[in-house]
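Comments concern the structure below.
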């Protein structure tokens with residue numbers, strides 16, 4: 015298929031569709047935050063962290079062990095993820111436990127993972 019097959023041959027505007035879309039469009043700040051959220055998911059290390067935290071909270075030491083990384087490197091990633099409200103933490107004595115911030119984060123991640131696995135099965 016040529017690139018032109020994916021471009022309209024006319025220059026008409028469907029005003030009703032455009033108006034509906036613009037009425038539903040979130041404001042710029044919300045879209046920027048959404049893009050930042052997906053940017054955080056766009057890193058395979060952070061995806062591994064999200065996967066690890068799906069079932070239960072984990073301390074930095076355990077996450078470092080699961081990921082075969084240093085505690086410092088894991089903490090750096092966790093700090094970025096906290097900044098995007100993906101995860102939260104709680105200090106318990108000398109340990110800091112991380113968990114997903116809320117059910118929305120797990121839902122988004124699990125749906126994305128399901129989509130990828132579905133596509134892999136179709137390609138096989």
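Residue numbers (my numbering): 15 to 138.
Note that beta-carbon positions come from the ideal geometry of N, C-alpha and C, so glycine has one too.
If you follow the beta strand (DSSP E) that residue 103 is in, where does it begin and where does it stop?
Within the chain shown, numbered from 1, the residue matching residue 103 stands at position 89. Segment 101–106, the beta strand (DSSP E) holding residue 103.
Buried or exposed: residue 130, going by 16 or more other Cβ atoms within 10 Å of its Cβ?
Against the chain shown, residue 130 aligns to sequence position 116. Counting Cβ neighbours within 10 Å, residue 130 comes out exposed, since fewer than 16 surround it.
Residue 103 versus residue 52: straight-line alpha-carbon distance, rounded:
The residue given as residue 103 occupies position 89 in the chain shown. The residue given as residue 52 occupies position 38 in the chain shown. Using only the alpha carbons, I get a separation of about 20 Å.
Which residue wins for smallest C-alpha separation from residue 94, given the options 21, 125, 59 and 134?
Within the chain shown, the letter at position 80 stands for residue 94. When each option's Cα is compared against that of residue 94, the closest is 59.
Among all the DSSP beta bridges, which residues are the ones paired with residue 113?
The residue you call residue 113 lines up with position 99 of the chain shown. Answer is 102, bridged to residue 113.
As assigned by DSSP and simplified to three states, the class of residue 24:
The residue given as residue 24 occupies position 10 in the chain shown. Coil at residue 24, not helix or strand.
Buried or exposed for residue 72, going by 16 or more other Cβ atoms inside 10 Å?
Here residue 72 is taken as the residue at index 58 of the chain shown, counted from 1. Per the 10 Å Cβ criterion, buried.
At a cut of 8 Å, does the stretch 100–118 reach the stretch 69–83 through at least three beta carbon pairs?
yes
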